[in-house]
Amino acid sequence: MFLEDLTGLVLWALFTVIIINVVFLIFVFFRRVKRKRYYKEKDAARIRFQPVVAELAANYITVEEAAEFLREAHAKVERDAVQELLFSAMTAENESRISQVFFVLGYVEQWSKKAFGRSRAARTIDAALQHEPPTTLAPEKSALDSYHRLRMSSVPRAVAIYNLGRLAPEFSTIFAAEALRDPASDVRRSAIAALGRNRNVSAIPLLIEELRKSIEEHSDVSIRSTKAALAFYSLADLRHFVPYLTHPNRRLRFFVVDIVRDITHKAARNTNLTKNDFAPQLYEIYLQKVVNDDFADVRARSISVIRHFHDARSTQALRALLSDENEFVRLHAVRAAADPFYIDLIPQITPLLSDRKWRVREATVRTLGTFGNAGTSQVYRYFLQSKDNYASEQIADEIQRVGFLTHVTDYHVAGGEEALMVKSVFQKMAGMKKTSLMNNMVASGYAPELRIMLMDALATAPSAELPGVLATIAKNDTTEVGAKAGSILRNIPPPGGNA
Amino acid sequence: MLHNITLLRFIDYCNTVILLYFIFTNLMYTLLMVLSLYSVSLYSKFASHQSYEEIADSPATPPVSLIVPAYNEAQSIVQTVLALMSLNYPEKEIIVVDDGSTDDTINVLVREFGLLRMDFIYRESIPAKPPLAYYFNPDRPELIVMYKENGGKSDALNVGINMVHSPYFCTVDADSIIEADALLRLMAPVLQSSTNTVASGGVVRIANGCTLSNGRITKIDLPKKWLERCQVVEYIRTFLFGRPGWNLLNATFIASGALMVLHTESVTLAGGYSSNTVTEDIEMIATLHRFLRARGWKYRMVFTTEPICWTEAPHTVRMLARQRRRWQLGLMQTVMKHNDMIVNPTYGPVGMLSMPFHAYMEAMGCLIEAAGTILVPVSFIIGIMPIWLFLLILFLAIGYGTLLSVGSVLLEETTIRRYPRMRHTLILMFYAVIENFGYKQMVTFFRAHAILQYFFGKRTWEHVVHRGLEPRVVVEDYET
Numbered sequence: 000m001f002l003e004d005l006t007g008l009v010l011w012a013l014f015t016v017i018i019i020n021v022v023f024l025i026f027v028f029f030r031r032v033k034r035k036r037y038y039k040e041k042d043a044a045r046i047r048f049q050p051v052v053a054e055l056a057a058n059y060i061t062v063e064e065a066a067e068f069l070r071e072a073h074a075k076v077e078r079d080a081v082q083e084l085l086f087s088a089m090t091a092e093n094e095s096r097i098s099q100v101f102f103v104l105g106y107v108e109q110w111s112k113k114a115f116g117r118s119r120a121a122r123t124i125d126a127a128l129q130h131e132p133p134t135t136l137a138p139e140k141s142a143l144d145s146y147h148r149l150r151m152s153s154v155p156r157a158v159a160i161y162n163l164g165r166l167a168p169e170f171s172t173i174f175a176a177e178a179l180r181d182p183a184s185d186v187r188r189s190a191i192a193a194l195g196r197n198r199n200v201s202a203i204p205l206l207i208e209e210l211r212k213s214i215e216e217h218s219d220v221s222i223r224s225t226k227a228a229l230a231f232y233s234l235a236d237l238r239h240f241v242p243y244l245t246h247p248n249r250r251l252r253f254f255v256v257d258i259v260r261d262i263t264h265k266a267a268r269n270t271n272l273t274k275n276d277f278a279p280q281l282y283e284i285y286l287q288k289v290v291n292d293d294f295a296d297v298r299a300r301s302i303s304v305i306r307h308f309h310d311a312r313s314t315q316a317l318r319a320l321l322s323d324e325n326e327f328v329r330l331h332a333v334r335a336a337a338d339p340f341y342i343d344l345i346p347q348i349t350p351l352l353s354d355r356k357w358r359v360r361e362a363t364v365r366t367l368g369t370f371g372n373a374g375t376s377q378v379y380r381y382f383l384q385s386k387d388n389y390a391s392e393q394i395a396d397e398i399q400r401v402g403f404l405t406h407v408t409d410y411h412v413a414g415g416e417e418a419l420m421v422k423s424v425f426q427k428m429a430g431m432k433k434t435s436l437m438n439n440m441v442a443s444g445y446a447p448e449l450r451i452m453l454m455d456a457l458a459t460a461p462s463a464e465l466p467g468v469l470a471t472i473a474k475n476d477t478t479e480v481g482a483k484a485g486s487i488l489r490n491i492p493p494p495g496g497n498a
Numbered sequence: 000m001l002h003n004i005t006l007l008r009f010i011d012y013c014n015t016v017i018l019l020y021f022i023f024t025n026l027m028y029t030l031l032m033v034l035s036l037y038s039v040s041l042y043s044k045f046a047s048h049q050s051y052e053e054i055a056d057s058p059a060t061p062p063v064s065l066i067v068p069a070y071n072e073a074q075s076i077v078q079t080v081l082a083l084m085s086l087n088y089p090e091k092e093i094i095v096v097d098d099g100s101t102d103d104t105i106n107v108l109v110r111e112f113g114l115l116r117m118d119f120i121y122r123e124s125i126p127a128k129p130p131l132a133y134y135f136n137p138d139r140p141e142l143i144v145m146y147k148e149n150g151g152k153s154d155a156l157n158v159g160i161n162m163v164h165s166p167y168f169c170t171v172d173a174d175s176i177i178e179a180d181a182l183l184r185l186m187a188p189v190l191q192s193s194t195n196t197v198a199s200g201g202v203v204r205i206a207n208g209c210t211l212s213n214g215r216i217t218k219i220d221l222p223k224k225w226l227e228r229c230q231v232v233e234y235i236r237t238f239l240f241g242r243p244g245w246n247l248l249n250a251t252f253i254a255s256g257a258l259m260v261l262h263t264e265s266v267t268l269a270g271g272y273s274s275n276t277v278t279e280d281i282e283m284i285a286t287l288h289r290f291l292r293a294r295g296w297k298y299r300m301v302f303t304t305e306p307i308c309w310t311e312a313p314h315t316v317r318m319l320a321r322q323r324r325r326w327q328l329g330l331m332q333t334v335m336k337h338n339d340m341i342v343n344p345t346y347g348p349v350g351m352l353s354m355p356f357h358a359y360m361e362a363m364g365c366l367i368e369a370a371g372t373i374l375v376p377v378s379f380i381i382g383i384m385p386i387w388l389f390l391l392i393l394f395l396a397i398g399y400g401t402l403l404s405v406g407s408v409l410l411e412e413t414t415i416r417r418y419p420r421m422r423h424t425l426i427l428m429f430y431a432v433i434e435n436f437g438y439k440q441m442v443t444f445f446r447a448h449a450i451l452q453y454f455f456g457k458r459t460w461e462h463v464v465h466r467g468l469e470p471r472v473v474v475e476d477y478e479t
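For the protein sequence lines, the chains are A and B, in the order given. Be aware that the first sequence starts at 0, since it is given in numbering that gives the first Met the number 0, and climbs by one per residue. Be aware that the second sequence starts at 0, since it is given in numbering that gives the first Met the number 0, and climbs by one per residue.
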């Protein structure tokens, strides 16, 4: 009896699985249909409301006039369409008016309630409308904190903060500051990103405080998230970072200097900066205090900012740091000097070609390369004189990698001492068995004189590949290059044979 | 007579083991399904509000080195490198390691990218066969190609790591098609984590049937052959119903090396990739767990539930068998190598949950499944198994399997939705049901074969031959 029941039970289970699969199938089908209808209705709503949003964005109608018409969007799909239209029409000029429409239409209330709950939402909306300065209060401990930290609870709040964060900075900063009290890292990360995106200077102290928490209190929001938010600020905002450049916590100091470096680096992508682009107090503190910080990492990061001052004091600062006792400082200093403005520093840079740290040697060759022939001649001369195998290896590596060798035609054309120097460089490289690129150049379409010179250099220490390369040239080239290849080939001893 | 009774008792015992095995695995899969549903749906909800552009524009985003080990990849390597060069990521370097290819791999790269042979310094932090030649173009400094003696994928990866300059590197299979935002998607959780994230993996999809242009998927479609369609469903189930669940439990044990970001310093300190398994990606994850747990260092591994790359699935049963035997052999080698981690509380959820599951259910469980596939119907036909037991095992082995497969397609449809047309979803639903009748059992036999090979001392890599993915994924049998 029991077994019969068990058979029935199993059959029922099988049947249930089939039914569930069919339900899944029906669900997928109807979901597709529903999505299709949703997007169709959304497109219709977009067409309907787009002209009003465009007029609002262009300041042809007032906030009240726009709100009156947009209130007709009742259904969720229509409200979604209006929300998207308003956000996509937002620019620096109209963001305040568009944000006010979000307030009037109830979007802000809806997001705030989701993010903060009913009572905190009302208080925060009032504060935002009255443009109160943003402050962060200590997080309120609640018995529900553990629940609030769960992603199923925190994700909707983080999404709400994301939307609030897209409002004009004078409004969004208040909401984002309030969200910094949230127990969930997703929500706080969303708030930090919003504060950074909006670049409201009143949010800088809040973000620095978040950075401090990440450093000192091991907050669950990463240092990188806060750093990335602060890096959104522009060169004009840098004076607000000045108080933190002398913070007692050296790690915080380091991160602030690093953020200033990132901001400067971003600004320098499009324009050649000078000291006039920086706030005077920032300029002074960098040259007086930051550059002499007792924490080497701070000194190292400071140079990337100082290099953009492009004046005598920055040159002086770089000169001092090029001989710093710390390798990272030297590394950053030599990288920072890669600017034709600092060509006078060549005598201080050149000795770093034999630095005990290979990364410094590597950076030195590259930096000297940025000074054109004046720099590369130094590299070649140093290479020829150096008895240090490590330094020579590094230089040989870099003069291939940076493309010096493939651009030696200039030297060769110049003739005289320069041409002789290049020949010596080739000979030394052949002696070091760094011949692959030279073999390549011999076989390629360089000027015949240069190819002959290269063959002579390669013949001083023939590599295993050289006979093959020369044989091909001798066979295919009927000019003087081919004849030279043939004559060298005849003089190269066979592998394993006596010289 | 006595012999018969003993045999019957033995069969009865085997059937009990099979039943318990299926009950336990289905319970585990159900748990993983629930966790994955939770994880994937929340991820997709939040991901739509994340701006990868902010990460791409941020100067605070660290550089990443992309290591591409290549062995006889002349057909696909140029497309792969072009796709990597056009990846949406602020600062990257591409390191191609030709692992002694016997085809034209190195020459096509030299021709396509104007590379010149050079002699560079090689600094060995992880032991590996050193490069014999370097190829570089000063006008394209983001790409470096190295040629070395054949030493296997692990060895090629170790050579690549020795050349890395970035805090993170990303392994890339030379035959994979990478999504433009893939690296941003992988790096986003790394950047957002306050704990050192040592590994970040994502979803791999099957490219068969899709249309390609300039190394990118331009039209998503399903393959025509049943074998490839079953693999599409299988990949969806594995990547959406397995790995996100383990990730939520902080017990990631498997991540696809087709595209995976790793923390350079942690990998170097852990000794790099090991050459004594055939699935170096799984082994690397286990090694990192072991190394970091032993030192008590805080770390985490993350799994991104968005597709990051597309790969070519085997076109024939023979190639599929080779691939699955290799995967199974690699899994077996890894769990045996790290068997002291199994049920070891030192290793946290990995030791207590993930490792036992992968060792007993995923690695060795296929022997029980394969035995059950033969024994259960035979026992029923000769009358020694009651119908209720037969139906129950059938339900657990096949019926519940269809539920999991159909559920995974449903999850794909409701969250990530990469297959655009209704027809695709219906076909996937259909194959989610029918793959349980034949395909799954076939794969089980391939896996069981690999385990037997392992016990008989086989340790070598079986190479899977691909047809190539350009310009359209070819679905014909490679042997035709």
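Beta carbons: idealized from backbone N, C-alpha and C, even for Gly.
Closest Cβ-Cβ distance between residue i and chain B: below 8 angstroms?
i        : result
A:LEU10  : yes
A:ILE191 : no
A:ALA230 : yes
A:ARG156 : no
A:ASP396 : yes
A:ALA316 : no
A:ILE18  : no
A:LYS75  : no
Hey, is residue i's beta-carbon within less than 8 angstroms of any beta-carbon in chain A?
i        : result
B:LYS439 : no
B:PHE240 : no
B:ALA132 : yes
B:GLU412 : yes
B:GLU53  : yes
Buried or exposed: where does residue i fall if 16 or more other Cβ atoms within 10 Å of its Cβ makes it buried?
i        : result
A:PHE370 : buried
A:SER486 : exposed
A:GLU67  : exposed
B:VAL435 : Inspection of the sequence shows that residue 435 of chain B is occupied by Asn rather than by Val. So B:ASN435 ends up on the buried side.
A:VAL32  : exposed
A:HIS130 : exposed
B:HIS288 : buried
A:TRP11  : exposed
A:LEU321 : buried
Using a cut-off of 8 angstroms between C-beta atoms, extract the partners of residue i located in chain B.
i        : result
A:LEU436 : LEU115, ARG116, MET117, ASP118
A:GLY402 : PRO137, ASP138
Check the Cβ of residue i against every Cβ in chain A and list those closer than 8 angstroms, keeping chain order.
i        : result
B:GLY406 : PHE23
In terms of alpha-carbon separation, which member of the options lies closest to residue i?
i        : options                                : result
A:THR90  : A:VAL81, A:ASN58, A:ILE173, A:ARG70    : A:ASN58
A:ASN197 : A:ALA175, A:LEU457, A:ARG156           : A:ALA175
B:ILE76  : B:THR401, B:PHE444, B:LEU6, B:ASP98    : B:ASP98
B:ASN25  : B:GLU361, B:VAL96, B:VAL342, B:GLU227  : B:GLU361
A:ALA482 : A:PRO447, A:PRO461, A:SER376           : A:PRO447
A:ILE342 : A:ARG329, A:LEU367, A:TRP357, A:LEU351 : A:LEU367
B:PHE444 : B:TYR146, B:THR372, B:PRO126, B:ILE380 : B:THR372
B:PRO126 : B:GLY270, B:VAL16, B:LEU86             : B:GLY270
Please compile the residues from chain B whose C-beta is within a distance smaller than 7 angstroms of the C-beta of residue i.
i        : result
A:GLN287 : Within chain B, no residue comes near A:GLN287; the closest Cβ sits about 25 angstroms away, beyond 7 angstroms.
A:LEU5   : TRP387
A:VAL333 : Neighbours of A:VAL333 on chain B: none; closest Cβ ~16 angstroms, over 7 angstroms.
In chain D, what lies closer than 7 angstroms to residue i by C-beta?
i        : result
A:ILE124 : Absent here is chain D; the protein component of the structure consists of chains A and B.
How would you list, in chain order, the residues of chain A whose beta-carbon sits under 9 angstroms from the beta-carbon of residue i?
i       : result
B:LYS44 : VAL154, PRO155, VAL158
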